[in-house]
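Chemist:
Number of protein chains: 2
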Amino acid sequence: MLQKHVFGWRSQAGRHMDLEAFVATKEVVSDSEQIASDTASAWDSLLQEISHRPKRATERKQDRAKRTEQQILHAALRVFARDGISRSRIADIAAEAGISTSTLYEYYKSKEDLAYDVPLSHLAEFFESYHANAASRTSARERLLLYLVMSADYAREHAEWARLLYLEIWPSVFVSDTELRHSIDDFTRVILFLVKEGVAEGWVSPERSPYETVAVLIGGVNQLIITWLLYRKPKNLTRAGTEMAERLIAMLENEVSR
Amino acid sequence: MLQKHVFGWRSQAGRHMDLEAFVATKEVVSDSEQIASDTASAWDSLLQEISHRPKRATERKQDRAKRTEQQILHAALRVFARDGISRSRIADIAAEAGISTSTLYEYYKSKEDLAYDVPLSHLAEFFESYHANAASRTSARERLLLYLVMSADYAREHAEWARLLYLEIWPSVFVSDTELRHSIDDFTRVILFLVKEGVAEGWVSPERSPYETVAVLIGGVNQLIITWLLYRKPKNLTRAGTEMAERLIAMLENEVSR
DNA sequence: CAATTATCCGATAAATCGTCGATTTTACAA
DNA sequence: TTGTAAAATCGACGATTTATCGGATAATTG
């Protein structure tokens, strides 16, 4: 059981992207076509990396077990979203999944462990969904707009999951050193990347710290989502998310064009 | 024990402010002096209300007990901030406070109950501190700037408390129907009030939903604070908070002056 | 089909929460 | 000061929940 911690846990696969991108952009190039292509490839690598981050170290051998794992995750999401993590009982989740309590412990070593694994699959799905939709967008501005709009809309579509992630897990300190933390960090890395591209494209002020700009963007959208999750206001989250995203980007543009 | 829930709990005192403010501003007035005075009084009433929101229904009779209550709150803050709420043990908190576990239950009926009471006193202190500092500011713009800057700075000064509030409690759904939820709502009400004043003063766009504007402001500042709590970046939170606040307000101003 | 491994579960240990009655301390009036 | 009722404290104990372990059952492999 301890072995799980020592290795196999939190694989480092896919961590080489930064180096590759670094090498790629350091190549001596002369025409802007080449540069654009490099940037594009860095963008693809980033998306590739974040959607392929490995989920679990231990892989189940039997089909039945894979089904059980899915049932546990599904049941846990339902129960956690209904009762909140701290009020939820492992026994309830196991019952909901149609297995015994001890079987659940065969899959997850603690309630905390389970809670941190539940949001992962949806997060990966979001990244994949974004990856598909972003293919047609060429400018960083369009990509960023889509990203912000989609994150609000995804929360609306998967309210149980969003409730768990945004209201209970996202800010928690104790997610550190967790696969989930890496995925959450990935979420912000995408925005950071696009903001830096925005500077290159000339519609984001180079005078401002990109990190501060990221905080403004994520903060605004998340605050909107959290308010919706808590009070179901605004009624139409999709539209509010679009308006918020467009407004935030327009605000950034205003900073340079004056 | 159930009685505690039925009454005495979550006092409604101070809930009449809205009505009073409504009546005041509906008075027929002709000159702008009078309007300004009314607005000022509404502002004072708001600050008055939020800093005097009653803390607990049950008041301790003995000096020793009041000291004990303080010791519990102090110990709980330390332990919660160190271990996180869910990992903290009531026994540890009691030990840290120098009392027995059963005595602690004499004061708080559950760990959850305790966790939701801990942030209250600091929140009240923040409001009082702001109230004092805001006295010299006359425009809504200055008051809002001060509010945002002070909230970031207060988090820096009281990092343990901020860690508890921002990373564990603020977004939690289960704070609903709690005295704490009212205080957190108060926090946003102040900003909402100032945003609406900003529209009247002409530097906030009337085309935008005030609620959306509030989300942008709170979201940006909170995201900054959360990032600092998690990663201690940016190093200098006070300066970063000031920059963030000034930037956000400038962004709002940009929306109208073009 | 036998051997091996993976999965599942009932029984039970361990940890933590929360309660109760008895005891001590405090506030205060006489 | 002292008696007394109320307030506060605590140790012992019950209840709930988390987590473990060894064996039974099912799947896989050769």
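Line by line, the protein sequences are chains A and B. The first sequence begins at -7 in our numbering and counts up one residue at a time. The second sequence begins at -7 in our numbering and counts up one residue at a time. Note that CB positions come from ideal geometry on N, CA and C, so glycine has one too.
(1) What are the uninterrupted segments assigned as alpha helix (DSSP H) that are 4 or more residues long and contained completely in the region 26 to 74 of chain A, given in chain order?
(2) Give me the Cβ distance between B/E160 and B/G76, rounded to the nearest whole Å; I'm assuming they're in contact under 8 angstroms.
(3) Out of B/E247, B/V248, B/A237, which has the shortest C-alpha to C-alpha gap to B/R135?
(4) For A/D109, does the count of other Cβ atoms within 10 angstroms reach 16, so buried, or fall short, so exposed?
(5) Per the contact definition of three or more C-beta pairs closer than 8 angstroms, is the region 145 to 162 of chain B in contact with the region 80 to 93 of chain B?
(6) Please list the segments of the alpha helix (DSSP H) lying wholly inside the region 163 to 250 of chain A, counting only runs of 4 or more residues, in order along the chain.
(7) What residue from A/W195, A/V141, A/I64 has the CA that sits closest to A/D105's CA?
(8) Which two residues bound the contiguous alpha helix (DSSP H) that contains A/L159?
(9) Indicate the three-state DSSP secondary structure (helix, strand or coil) for B/E152 in the structure shown.
(10) Could you tell me how far apart the beta carbons of A/N125 and B/Q215 are, in whole angstroms, since I believe they sit closer than 8 angstroms?
(11) So, A/P198 versus A/L156, is the Cβ gap smaller than 7 angstroms?
(12) Determine the contact status of B/W195 and B/R133, defining contact as a CB-CB distance below 7 angstroms.
(13) By the 7 angstroms beta-carbon criterion, what residues does the region 56 to 85 of chain A contribute toward chain B?
(14) Taking Cβ to Cβ, would you say A/V182 is nearer than 7 angstroms to A/V206?
(15) Would a check of beta-carbon distances place B/M142 closer than 7 angstroms to chain A?
(16) Quick check on DSSP: helix, strand or coil for B/K101?
(17) Is A/E61 near A/Y99, with beta carbons less than 7 angstroms apart?
(18) For chain B, check one thing: does any of its Cβ atoms lie closer than 7 angstroms to the Cβ of A/G211?
(19) Given that B/S164 touches chain A, what residues does it touch there, using C-beta distances under 8 angstroms?
(20) In whole angstroms, give me the CA-to-CA distance for B/S37 and B/F118.
Modeler: Once the coordinates are examined:
(1) Entirely contained in the region 26 to 74 of chain A, not one alpha helix (DSSP H) run reaches 4 residues.
(2) Residue 160 of chain B sits at position 168 when you count from the first residue of the second sequence. Residue 76 of chain B sits at position 84 when you count from the first residue of the second sequence. Contact flag correct, Cβ pair sits at about 7 angstroms.
(3) Sequence index remark: in the second sequence, residue 135 of chain B carries index 143 (1-based). Ranking B/E247, B/V248, B/A237 by CA distance to the CA of B/R135 puts B/A237 first.
(4) Mapped onto the first sequence, residue 109 of chain A falls at position 117. Answer is buried; the Cβ neighbour count reaches 16.
(5) Taking a cut-off of 8 angstroms on C-beta distances, the region 80 to 93 of chain B does not touch the region 145 to 162 of chain B, as fewer than three cross pairs fall below it.
(6) Counting whole runs of 4 or more residues, the region 163 to 250 of chain A contains the alpha helix (DSSP H) stretches 171 to 193, 202 to 223, 229 to 248.
(7) In the first sequence, counting from the first residue as 1, residue 105 of chain A sits at position 113. Ranked by Cα distance from A/D105, the options A/W195, A/V141, A/I64 are led by A/I64.
(8) Taking the first sequence and counting its residues from 1, the one referred to as residue 159 of chain A is at position 167. Secondary structure note for A/L159: it is in no alpha helix (DSSP H), with a DSSP letter that is neither H nor E.
(9) On the second sequence, position 160 is the one that residue 152 of chain B refers to. The DSSP-derived three-state label of B/E152 is helix.
(10) For the purposes of this step, residue 125 of chain A is taken as residue 133 along the first sequence, with counting starting at 1. For the purposes of this step, residue 215 of chain B is taken as residue 223 along the second sequence, with counting starting at 1. Here A/N125 is actually not in contact with B/Q215; their C-beta atoms are around 25 angstroms apart, not less than 8 angstroms.
(11) On the first sequence, position 206 is the one that residue 198 of chain A refers to. On the first sequence, position 164 is the one that residue 156 of chain A refers to. Result no, Cβ atoms of A/P198 and A/L156 do not sit closer than 7 angstroms.
(12) Position 203 of the second sequence, counted from the start, is the residue given in the question as residue 195 of chain B. Position 141 of the second sequence, counted from the start, is the residue given in the question as residue 133 of chain B. Yes.
(13) Hits within the stretch, in order: G76, S78.
(14) On the first sequence, position 190 is the one that residue 182 of chain A refers to. On the first sequence, position 214 is the one that residue 206 of chain A refers to. Going by C-beta atoms, A/V182 is not nearer than 7 angstroms to A/V206.
(15) As a first step, residue 142 of chain B is located in the second sequence; it is residue number 150 there, counting from the start. Judged by the 7 angstroms Cβ criterion, B/M142 is not in contact with chain A.
(16) As a first step, residue 101 of chain B must be located in the second sequence, where it is residue number 109. Assignment of B/K101 by DSSP, reduced to helix, strand and coil, places it in the coil class.
(17) Residue numbering aside, residue 61 of chain A sits at position 69 when the first sequence is read from its first letter. Residue numbering aside, residue 99 of chain A sits at position 107 when the first sequence is read from its first letter. A Cβ-Cβ contact shorter than 7 angstroms links A/E61 with A/Y99.
(18) The residue you call residue 211 of chain A lines up with position 219 of the first sequence. Closer than 7 angstroms to some Cβ of chain B, the Cβ of A/G211 qualifies, so yes.
(19) Within the second sequence, the letter at position 172 stands for residue 164 of chain B. Within chain A, the residues near B/S164 are G76, L159, E160.
(20) Against the second sequence, residue 37 of chain B aligns to sequence position 45. Against the second sequence, residue 118 of chain B aligns to sequence position 126. Straight through space, the alpha carbons of B/F118 and B/S37 are spaced by roughly 17 angstroms.
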